[in-house]
Every structure is written in C-alpha cells, then in structure tokens.
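Colleague: Before I ask anything, let me first share the structure, which is written out below as structure tokens.
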Amino acid sequence: MDQLEKVMANIKDRDNNIYRLYFEANPISDERRQFGFGGVDRYRDLEGYGNSELIINITKHLEVLQRQAVVQSRSLDEVSELAKGREHLLASIPAIQPVSNEDLKRVASGFGWRTDPFTKARKMHWGIDFTSPRGTPVYASGDGVVLRADNRSSGYGKHIRIDHGYGYMSLYAHLSKYTVHRGEKIRRGEIIGYVGNTGRSQAPHLHYEIWKDGNRINPINFYYGSLSTQEFDEMLRVASQENQSLD
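Be aware that the sequence shown starts at 1, since it is given in UniProt numbering, and climbs by one per residue.
Structure, rendered in structure tokens:
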C-alpha cells in the first residue's frame with residue numbers, strides 16, 4: 001500500500017506541476033483529490049471483530065486511493081484532450097534526461113542550496129550535475145534552436161544554450177566539445193556535444209539547467225519522457241540531498 005501511495009503521489013505531482021503546467025490548465029486541488037466517501041454506517045459490518053479497527057482503517061485508506069485514482073484518470077483524460085493539436089509544444093519542451101542512464105555514473109548534485117567545491121561556502125546551485133566520463137554523448141532534451149555554443153561565459157566553460165520556444169531554454173555546461181552552432185535547428189535526442197571538464201568544474205560532468213520565462217527552474221520535473229517511476233523516484237531522492245556540487 002505504501003508503494004501504491006508513492007506511485008499516486010508521483011502521478012499527482014507530474015499531473016499538477018508538469019502536464020497541466022504545459023497546457024496552462026489549473027492544477028487539481030488537494031481537496032478535490034482527497035474528497036472522501038459519505039455515510040456514517042459504511043463500516044458497521046466490519047465492527048465487532050478483534051481486528052476491526054485495523055480492517056476499517058485499511059478499508060478507508062483503500063477508498064481514498066480509489067477516489068484519487070478516479071480523479072487522476074479524469075484529469076489525464078482532460079490533459080489528453082488539451083494535448084491534441086499541440087505536437088510542436090510537446091516536442092519542444094525539454095522532457096528527457098540529457099545523458100543516457102547507461103552512461104550515467106550518478107547524479108552528483110541537484111537544484112538548490114549546495115556547498116561550493118572551491119570556496120566551501122553554501123550557495124545556490126541552479127541545475128543538476130550528472131557525473132559521466134569525459135566524452136560521454138550529451139543529448140538535446142527538446143526540439144529548438146541553438147542560441148549559443150561557445151566558451152565565452154564565465155564558469156560554464158564550453159556550453160550550449162537551446163531556445164525551445166514557449167519560454168523554455170536549456171543549458172548544457174562544462175563540455176569537452178560541442179557539435180552544433182548558433183542558429184542550428186535541433187531535434188530532441190540529437191547529440192549536441194560531449195561531457196567534459198571545462199570552465200569552473202571540479203571533475204568531468206554535465207551541468208544542466210532549464211529556464212522558463214527568464215528564470216531558472218528545477219530540471220528534476222522534466223524527465224518524464226525518459227525515466228520510469230522508479231528511476232524518477234531514485235533521482236529525486238539523490239538530487240534532493242544537500243551535498244557539494246561539482247561547479
């Protein structure tokens with residue numbers, strides 16, 4: 001039952017914070033998701049047993065999950081309708097992990113307050129660090145146009161910025177090499193460069209950022225296109241740990 005709750009929580013989070021956000025639909029309120037079943041005598045037949053309290057509690061729990069599943073199913077139907085005719089938007093949003101799992105050693109650091117590897121001071125880390133060997137392919141996370149592919153930005157080293165439209169931009173930093181140029185049209189999943197250790201970097205890794213309307217946001221919610229629920233949960237756990245970043 002705990003695993004089922006985790007799955008439902010994950011679906012709820014993606015529904016409200018990703019799918020509905022993409023299509024500018026209002027999120028479903030917790031009150032609507034948690035709405036229970038009526039009737040004070042619903043559990044009378046379960047009373048009078050030695051473990052009645054446990055049975056009733058489990059039954060109530062299952063009914064809440066059943067209600068959440070019904071609400072979620074209707075929500076996904078609504079999102080499916082919203083998605084029709086928006087193929088370009090769906091292809092453009094940065095929705096896959098920029099380094100494949102088979103090449104990924106670990107997620108070294110996530111979005112949030114982290115320890116700077118050079119000054120040892122606590123500072124905001126605006127992306128996710130993927131530890132991979134030098135030369136590991138880096139993939140575009142969504143369709144778009146290359147804004148920059150150069151070594152002229154302080155700290156990032158060789159890096160790429162892709163404009164995905166709809167207010168989204170992705171950034172790939174500390175590369176050993178980039179294979180695209182400014183103005184080039186890119187498709188999701190296309191190799192755009194290779195992991196390196198250029199710029200302000202402590203070890204070979206990819207520093208990855210997502211921007212929305214000029215503000216950097218947590219990339220962790222944008223891997224629905226390449227990770228299973230279990231893989232996403234594990235990445236979320238690791239990325240949430242407050243540790244030392246690599247840049």
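The C-beta atom is built at its ideal place from N, Cα and C for all residues, glycine as well.
At which residues does the alpha helix (DSSP H) containing Leu90 begin and terminate?
Modeller: Glu87 to Ser92 is the span of the alpha helix (DSSP H), which, as asked, contains Leu90.
Colleague: Can you list the alpha helix (DSSP H) stretches of 4 or more residues lying completely in the segment 137–195, in chain order?
Modeller: Listed in chain order, nothing qualifies, since the segment 137–195 has no complete alpha helix (DSSP H) run of 4 or more residues.
Colleague: Closer than 7 Å by C-beta to His205: which residues in its own chain qualify, once you throw out the five before and the five after it? Chain order, please.
Modeller: Counting only Cβ-Cβ distances below 7 Å, and skipping sequence neighbours, we find Ala108, Asp129, Phe130, Thr131, Ser132, His174, Val195 and Leu246.
Colleague: Measure from the alpha carbon of Ala149 to the alpha carbon of each residue in Tyr166, Arg67 and Tyr172, then state which is nearest.
Modeller: Comparing Cα-Cα distances from Ala149 to each of Tyr166, Arg67 and Tyr172, the minimum goes to Tyr172.
Colleague: Go through its chain and collect everything with a Cβ distance to residue 249's Cβ below 7 Å, but skip five positions before and after it.
Modeller: Residue 249 lies beyond the stretch modelled for the chain, which goes from 1 to 247, so this question has no answer here.
Colleague: Considering only residues of the same chain and omitting the five flanking positions on each side of Gly155, which have a CB-CB separation below 6 Å?
Modeller: Closer than 6 Å at Cβ, skipping near neighbours: Gly199 and Arg200.
Colleague: Classify Thr59 as helix, strand or coil using the three-state DSSP reduction.
Modeller: Here Thr59 sits in helix by DSSP.
Colleague: Taking the alpha-carbon of His159 as reference, which of Leu147, Gln97 and Tyr166 has the nearest alpha-carbon?
Modeller: Here the closest residue by C-alpha is Leu147.
Colleague: If we ignore side chains and look at the alpha-carbon of each, how far apart do Tyr139 and Lys212 end up?
Modeller: Between Tyr139 and Lys212, the C-alpha separation is close to 19 Å.
Colleague: Have a look at Gly142, Glu184 and Thr179 and flag the residue whose alpha-carbon is nearest the alpha-carbon of Gly167.
Modeller: When each option's Cα is compared against that of Gly167, the closest is Gly142.
Colleague: If I measure Cβ to Cβ from Ser153 and keep anything under 7 Å in the same chain, skipping five residues before and after, which residues do I get?
Modeller: For Ser153, where only same-chain residues beyond five positions count, the Cβ hits under 7 Å are His159.
Colleague: Do Gln97 and Tyr223 have their beta-carbon atoms positioned less than 8 Å apart in this structure?
Modeller: The answer is yes: Cβ separation under 8 Å.
Colleague: For Val107, does the three-state DSSP call read helix, strand or coil?
Modeller: The answer is strand: DSSP assigns Val107 an E or B state.
Colleague: Can you look up Thr220 in the DSSP assignment and give me helix, strand or coil?
Modeller: Residue identity differs from the one stated: residue 220 is Ile in this sequence, not Thr. The answer is helix: DSSP assigns Ile220 an H, G or I state.
Colleague: For Met124, is the classification buried or exposed, using 16 other Cβ atoms within 10 angstroms of its Cβ as the cut-off for buried?
Modeller: Exposed.
Colleague: Might you give, ordered along the chain, the residues of its own chain that have their beta carbon closer than 7 Å to the beta carbon of Lys185, omitting 5 neighbours on each side?
Modeller: Only Val145 meet the Cβ criterion.
Colleague: Taking Cβ to Cβ, would you say Ser92 is nearer than 8 Å to His181?
Modeller: No.
Colleague: Per DSSP, what kind of secondary structure is Glu209 in: helix, strand or coil?
Modeller: Strand, per DSSP.
Colleague: What residues are listed by DSSP as bridge partners for Arg114?
Modeller: Looking at the DSSP assignment, Arg114 forms a beta bridge with Lys123.
Colleague: Ignore the nearest five residues each way along the sequence and tell me which others in Asn218's own chain have a CB closer than 6 Å to its CB.
Modeller: Result list for Asn218: Phe111, in chain order.
Colleague: Hey, quick one: how far does the beta strand (DSSP E) through Asp247 stretch, first residue to last?
Modeller: Note, Asp247: premise wrong, no beta strand (DSSP E); not H, not E.
Colleague: Per DSSP, what are the beta-bridge partners of Asn215 in this structure?
Modeller: In the DSSP output, where bridge partners are listed per residue, Asn215 has Lys212.
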